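In this note's numbering, the protein residues as written are 6 to 651. Everything below concerns the one structure shown next.
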């Protein structure tokens, strides 16, 4: 079926009007009408969003673009060896796999000596001539494909060759990048041997067909051969979400270029202690940008001019994170890409070691401690930011003041810290696009206002066909809905404000087995309480990816910086309705987050504490990619929220 006919049929099938489509795509109704009547071509930049809105599957996309004619997508596997490639050349002859550009995937197997689990090693590449390119691999020294063969059990490696008559250089580069991105998130693979980032910053003909149609089809065929995990499982992984192989948006690429140029200038001119700050709202793509900067600098170091300007060395780089769950994710990425065990470190360890480093990257820098809090000898202590500034030639920070959730990280009373973060010599790069929450612009604005406690923000959310916002009266219904979403889509969790007692390393005095969160008629343990969750944490698995964590309540400690498909937010007793401003508000005296807030004149309910606790709510409310569900413990707030359900 022709595209213009199919988009109309799909729209009518799911019950959308032309006005609905126009609103979601931010275009005019006339534009949608023209597309359906085949009077205008759909802009390439809108195709991905359009296909998602109308729920196209991969085969429908491939059919539209003529990729499935005569079943001409082919995947063949051969033994990676001189004999294997010679036999392939002889038996294959002149076909789509030998005459056209191809994608290829080398896979070796390696059994874990402790668990007997069979893991996989991978390298993905693209070639204009698979015969010539494979022979080049075989004859090269220190080659990545050969390394897999050497590291694999029994020195065996399978080579999967993928071809299609419509493949071209741009297409195979794009598919190679997407494979690197997805293999990183696939738990079947413990090591990826690729050494370059092929991200294309330019568009090319039918790019969306390759991204939304051909790639899923190739991946699904490999899944049927038990080579890879399902795409759903891969895309729910924290490694995939934070992969350095993501294709950056235009704005992200511009930001990356600015930052890279500044680092190069700083290191080439022997400048000392320069600061670059990446700033943006939650979900604006800061971490993906940081991950790509980290990998690119590690893989392709800068030339650093040493004091006096007569000698140079290759730049050193380290990525630091104070947030434990996020650090675990970065450590797994570094391990899978063979970057070395000290490429990612926690902040305290790095400072204690006193390692002078050319480029220090800090994710979630708004969590850095500005006080000592009994950590080390006071004579040796200084705030995290000051210590890092001295150790770094160039310091790159991700800093979001709206995610500053603790008085321990405040900087507004310290001129030196303010100068590092906001000083005139600090280069600030802003990211303003929303990449986490997949919702229409009106919904994004509603969430921003609601999460930031804006005046008159407690109004009915806009109608949205792709993002689900719901408020619950019954706690059990709320819990079961999140569990149902987790069964359907994975990566859906309950989280809460810190309004119930918890003490790490100790047990409740009432002899309860766990520290619990009580909401409505439900009682569940706080995060990291269940033994199965603790055991998985010992294996460096992030909290949200542990199956049993669906039976716990997360907090900003476990979910800050991460994506969830659906998030169920429990607003505890400290979160109330301000009738005067018609917005959320804070009663800080009801919070149990006593390590993050400070008592003034016998009360926790002061403006400084309210600011930190508001930021915690902002973090929790902005985790969901596809949906936000809310249950409020405060009766008046819950009653008000129920009035907002559309």
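Note that the Cβ used here is the ideal one computed from N, Cα and C, for glycine as well. What you are looking at is a predicted structure, and each value in this text was computed from that prediction instead of being measured.
In this structure, the straight-line span from the alpha carbon of residue 475 to that of residue 202 is close to 40 Å. Counting along the chain, residue 396 sits inside the alpha helix (DSSP H) bounded by residues 389 to 396. By the Cβ test, the region 574 to 585 is in contact with the region 495 to 503, since at least three Cβ pairs between them sit closer than 8 Å.
For residue 225, there is no enclosing beta strand (DSSP E); the residue is found in the alpha helix (DSSP H) stretching over 220 to 229. The bridge partners DSSP lists for residue 308 are 319.
The beta carbon of residue 194 sits closer than 6 Å to those of 125, 127 and 188, all from its chain and outside the five residues before and after it, given in chain order. Fully enclosed beta strand (DSSP E) runs of no fewer than 3 residues occupy 279 to 285 of the region 253 to 291, in order along the chain. Taking residue 586 as the centre and dropping the five residues before and after it, the same chain places the C-beta of 460 closer than 6 Å to its C-beta, in chain order. Per the DSSP secondary-structure output, residue 168 pairs in a beta bridge with 79 and 107.
The Cβ atoms of residue 364 and residue 393 lie no closer than 8 Å to each other. If you keep only unbroken beta strand (DSSP E) runs of at least 3 residues inside the region 118 to 166, you get 123 to 132. Nearest C-alpha to residue 26 among 444, 263 and 258: 444. Here the region 245 to 262 makes no contact with the region 103 to 117; the two share fewer than three CB pairs at distances below 8 Å.
Closest in alpha carbon position to residue 211, among 643, 172, 183 and 224, is 172. Taking C-alpha positions only, residue 131 is separated from residue 523 by approximately 54 Å.
With 16 or more other Cβ atoms from the protein chains shown falling within 10 Å of its own Cβ, residue 216 counts as buried. Distance between residue 236 and residue 62, taken at the CA atoms: about 13 Å. Comparing alpha carbon positions, the residue from 114, 177 and 84 closest to residue 143 is 84.
At a Cβ-Cβ threshold of 8 Å, residue 547 and residue 333 count as neighbours.
In terms of CA proximity to residue 68, 218 leads the group 21, 218, 423 and 471. Collapsing the DSSP output to three states places residue 435 in a strand. Rounded to whole angstroms, the Cβ separation of residue 349 and residue 402 is 16 Å, and the two are not in contact under 8 Å. When DSSP states are grouped into helix, strand and coil, residue 527 belongs to the strand group.
The continuous stretches of alpha helix (DSSP H) do not include residue 582, which lies in the beta strand (DSSP E) extending over residues 580 to 583.
With respect to the C-alpha of residue 433, the residue from 466, 11, 261 and 233 having the closest C-alpha is 261. Nearest to residue 525 by alpha-carbon distance, out of 534, 540, 553 and 478, is 478. Between the C-alpha atoms of residue 424 and residue 279 there is a straight-line separation of about 12 Å. In the structure shown, the three-state DSSP call for residue 462 is coil. Between residue 481 and residue 490 a beta carbon distance of about 15 Å is seen, past the 8 Å cut, so the two are scored as non-contacting.
DSSP places residue 468 outside both helix and strand once states are collapsed to three, so it counts as coil. In the DSSP annotation of this structure, the continuous segment of the alpha helix (DSSP H) that includes residue 561 starts and ends at 561 to 564. Under DSSP, the beta-bridge partners assigned to residue 501 are 575.
Proximity to residue 356 across 391, 337 and 176 peaks at 391, based on C-alpha coordinates. Taking a 10 Å sphere around the C-beta of residue 651, we find fewer than 16 other C-beta atoms and assign the residue as exposed. The three-state secondary structure of residue 350, taken from DSSP, is strand. Distances from the alpha-carbon of residue 606 to those of 617, 594 and 165 put 594 closest.
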